[in-house]
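Each protein sequence line maps, in turn, to chains A and B. Per my numbering, numbering of the first sequence is gapless, rising by one per residue and ending at 398. Per my numbering, numbering of the second sequence is gapless, rising by one per residue and ending at 1198. Backbone N, C-alpha and C define an ideal beta-carbon position, used for all residues, glycine too.
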Amino acid sequence: MHRTFVPICAVLLAMIVGGTRILHAQAGGPTTRSMLDELNRETTALYRQAQTGIYRVQLPQPKWVNAFAMAAVKRWDKQLDPELRRRLEQDAANPIQAAEVAPAAPTTRPSSDSDTTTVPGEGTYIVVRPRTVMAETRDPVLGGRLQPPPQTQPAGFTPNNIGLLLDADGHILVPLYVERDALGPGPAVKLAGPDGALTTAKFIGSDRQTNLTLLQVEKPAGRPVRLGSSRPEAGALVMCLATTDGAGRLSIWSDGGAQENGVILTTDGQVAGIARYGQFLTGSACRLIARQLIEYGSVRRATLGVLITEIRRDDLPRRQQPVLGVRSAMRIDQVIANSAADKAGLRAGDLVLAVGGEPVSDLPSFAAAIAARNGPTELQVLRGEAVMKVSVDLQQQK
Amino acid sequence: MNAIGEFDLQLLEDYLDDALSPAQVEHVARRLADEPELALAMHELRAARVLRAATWRTLEPSEAEAADVARRVATVVRRTERMGHLWRRAWVGGGIAAAVGVFVAGWLLHGPVDSAVHQPQARETTPTPVPSPTAIAIRQPAVAAFHVALLDSQGNVIPVQKFSKADDARQFAQDLMTYEDRRQEAQQGGAMLVSDRF
């Protein structure tokens, strides 16, 4: 699969660069059509191969999601009808359906369409909405959606997320944070394996700052996924699996994955990581978080003592930092007195570029980078126009 | 947010609008870095700039749908008025709302749909399949009560929120859609944590 796919993809890339119009115009020709067919077969094969490590998971609505959503009606708090409030807060798993709110689209609106919401105790979130619906009829190799084979879902099972089988012990990583108490009484989370068989998993732990949850099934089905250790190179061909239903779509990695939301596969079937509209958590970072969850049931992240904010591609502060260029960074907004950051001399306004030699470009990657740190750790910091190294004594939480 | 004065709020608005001079931008950026309260206010201001128009543009009922929703909402309101909370027990699950209806209850018993309260282009669009998001605005000048109702996927009316002003009702309906928008996006991984304490 890999031997044939890579050169074929190279040809495809050249064709795309050369103009998809020509491709479309000639699609009816025997040579191009046969090549398209071959590429479609390869793309579909890659998707099927990926399915062997994918579970369909039914997670309850996380409480933080509800708090995040309820902020939209906060202004009506004092006059909200009690029954309506109850429905919004408790029955939120039943959606208010509106045509524009749930397109199953992989592309995003411009960043100006995003908004931020601060949830007390939960940090600040930004929402990027899918914009357009991808044509179902498009060839897979040209970005058409690939759907998992239809399966008859047992009554009461409505999967809303996917999980990656990590190992033979049955650990399954779900790209969504959910509080333990949101699961209610009982140990079971319902899920279906790659073979379609319904099973249950126990909750191992969840990490809010990387937005990951770890489950474990007793008898795993399928093959564990292979996790990569770096983000795709710009221009690389990748497959993005939607986290909600596992639908796949081939695309070219660009703008740091600003258009992608899902599990990113490389053309050799490896899981490069999880993309969320410009945020990216590598496979190895996912592995690190999973290990912590297995070992402690939570991530024992050292406390740095800062309020920190991701500088996104469209943020104004970037304009005041020409030296930053297009590079992403984390900006320290506040340093807590007598904290490790304070003692190390970090200041508000400093831009953190790397932790322990690992580049940090967004909040999840920062959260993962300090997850397993203990003791003196070197931070690469941009202050003004000077890049400096600062040693911080991180103390891992007990 | 509370500690931020009007002047600073305006300054932030101008900052977001890119309406400041380079020197002012530099000043605000420096303050944003130094003042967490101001930085949080900035986040909240951005949140307040959610696209609002989209909601009403997409709440596009056909005449038949609007009339049907109005009839069902009226039924529920009558029942509510007569029997208190009895109607709540009648609700039988399914997905929450397929629609948000804004109406004046008193008028519903007799009158037609008032297009003046509704965006004109909404009536010119192709009806969407049921269940569809529906917004209707029906007015009875003599009765100053506006309701926002949620309808489930079977068309049953579930909780109704009462308002004395139409603008409030509209705004609430819009906020409900934002609520749903955020809820679904967050569940689908579209909500990203961008700022936190470490």
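For A/Ala221, the secondary structure class from DSSP, reduced to helix, strand or coil, is coil. Within the same chain, Gly144 come within 7 Å of A/Arg138 by CB-CB distance, once the 5 residues on both sides are set aside.
The beta-carbon of B/Gly1005 is placed no less than 7 Å from the nearest beta-carbon of chain A.
DSSP places A/Val306 in the strand class (E or B) of the three-state scheme. For A/Met388, same chain residues with a beta-carbon under 6 Å away, outside a window of 5 residues either side, are Val381 in chain order. Boundaries of the beta strand (DSSP E) harbouring A/Leu164: Asn161 to Leu165, taken from the DSSP string. Scanning its chain for C-beta atoms nearer than 6 Å, with the 5 sequence neighbours on each side dropped, one finds around A/Ser391 the residues Pro376 and Glu378, in chain order.
Contact check between the segment 296 to 305 of chain A and the segment 272 to 284 of chain A: fewer than three CB pairs, one atom from each, fall below 8 Å, which does not count as touching. Around A/Val65, the beta-carbon contacts reaching into chain B at under 7 Å are Arg1183, Ala1186 and Gln1187. A contact is defined here as three or more CB-CB pairs under 8 Å, and the segment 260 to 270 of chain A meets this definition with respect to the segment 220 to 240 of chain A. Taking B/Asp1168 as reference, the option from A/Arg41, A/Glu42, A/Gln79 and A/Gln334 with the minimal CA-CA separation is A/Gln79. By the C-beta density criterion, A/Tyr47 is buried, having at least 16 other C-beta atoms within 10 angstroms. Inclusion of A/Thr244 and B/Gln1188 in the CB contact set at 7 Å is warranted, their separation being smaller than that value. Around the beta carbon of A/Asn261, 16 or more other beta carbons sit within 10 angstroms, so the residue counts as buried. By the neighbour-count criterion, in which 16 or more other beta carbons inside 10 Å mark a residue as buried, B/Pro1022 falls on the exposed side. Out of A/Gln396, A/Ala247, A/Gln397 and A/Val306, the CA that lies nearest to the CA of A/Met330 is found in A/Val306. Under the criterion of beta carbons closer than 8 Å, A/Ala348 and B/Asp1034 qualify as touching, at roughly 5 Å. Boundaries of the alpha helix (DSSP H) harbouring A/Gly283: Gly283 to Tyr296, taken from the DSSP string. With a cut-off of 8 Å on Cβ pairs, the segment 158 to 170 of chain A is in contact with the segment 45 to 59 of chain A, counting three or more such pairs.
In the structure shown, A/Ser34 adopts helical secondary structure according to DSSP, grouped into three states.
The contact set of B/Gln1010 on chain A, defined by CB atoms closer than 9 Å, is empty, because the minimum CB distance reaches about 16 Å. For A/Gln396, the CB contacts under 6 Å within the same chain, skipping 5 residues up- and downstream, are Arg300, Ala302 and Asn374 in chain order.
Counting every other CB atom within 10 Å of its CB across the protein chains shown gives A/Arg312 a total of 16 or more, marking it as buried.
The beta carbon of B/Leu1020 sits no closer than 7 Å to any beta carbon of chain A. A/Gly357 and B/Ala1029 have their C-alpha atoms some 28 Å from each other. Listed in chain order, the positions of the segment 264 to 284 of chain A with a beta carbon within less than 7 Å of a beta carbon of chain B are Arg276, Tyr277 and Gln279.
Close to B/Phe1172, with beta-carbon spacing below 7 Å, are these residues of chain A in chain order: Trp76. The residue among A/Thr309, A/Thr44, A/Gly297 and A/Arg180 with its C-alpha nearest the C-alpha of A/Leu241 is A/Thr44. From the beta-carbon of A/Phe68, the residues of chain B found nearer than 8 Å are Arg1182, Arg1183, Ala1186 and Ala1191. Shown here, A/Tyr177 sits in coil according to DSSP, grouped into three states, outside any helix or strand.
The C-beta distance from A/Leu166 to A/Val225 rounds to 7 Å, short enough to meet the 8 Å contact threshold. Per DSSP, A/Leu324 is not a residue of any alpha helix (DSSP H), being assigned neither H nor E. When the five nearest sequence neighbours on each side are left out, the beta carbons in the same chain lying within less than 8 Å of the beta carbon of A/Val189 are those of Val57, Gln58, Leu59, Leu183, Thr200, Ala201, Lys202, Phe203 and Leu215, in order along the chain. The straight-line gap separating the alpha-carbon atoms of A/Leu353 and A/Leu394 is approximately 17 Å. As DSSP reads the structure, A/Phe280 sits in a beta bridge with A/Ala275. Per DSSP, B/Arg1030 lies in no beta strand (DSSP E) segment; the continuous alpha helix (DSSP H) that holds it begins and ends at Pro1022 to Asp1034.
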